[in-house]
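Asker: After the C-alpha cells below, expect a handful of questions from me.
Numbering (the working numbering), first residue to last: 6 to 131.
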C-alpha cells in the first residue's frame, strides 16, 4: 500500500493533478520545501502549480524503513516554469504516512543552487 501511495503521488504530480495529489494527504498534511518553506499541502501544491508549466518526473527508487511509516522516494525532476526557464535536479521526498496510509508530512530534499535563482526571477515577473 505504501508503494501505491508513492507511485500515485508521482503520477498525479507529473500530470498536474493537484487535487488528486492533495487528496493523498491528511486534512492537516504538511509539505516542507527548500524553496517554498513549510506549508499546508493544499497551499504548497497550489503555489507550485501557479509557477509550473510542466513537470517531467523520472522514478529512480523507493526506500522503506522497517518498523516505520516513512518511505523515501527518489526521482529526477525536470521542472519547466512559467517564465520558460527549465531546471533539472534529483529529488528525495521523505513521506510520513498515518495508519491509514495518508500523507501527514512530506519533506522535499534537493540542491536548490539553480532552482532558487530561477524562482526568484519568476517572482519578479509575477
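Built from N, CA and C at the ideal position, the CB exists for glycine as well.
1. Leaving out five residues before and five after residue 50 in sequence, what residues of the same chain have Cβ atoms less than 7 Å from its Cβ?
2. Return the bridge partner residues of residue 91 from the DSSP annotation.
3. Of the choices 90, 115, 98 and 70, whose alpha-carbon is the least far from that of residue 58?
4. Restricting to Cα atoms, I'd like to know which of 72, 68, 98 and 73 is closest to residue 81.
5. Since I believe residue 36 is in contact with residue 106 (beta carbons under 8 Å), could you give me their beta-carbon distance rounded to a whole number of angstroms?
6. Between residue 109 and residue 34, is the Cβ-Cβ spacing less than 7 Å?
7. Are residue 83 and residue 61 touching if we call contact CB-CB under 7 Å?
Answerer: Short version:
1. 23, 26 and 27
2. 85
3. 90
4. 98
5. The Cβ separation is near 17 Å, so there is no contact.
6. yes
7. yes
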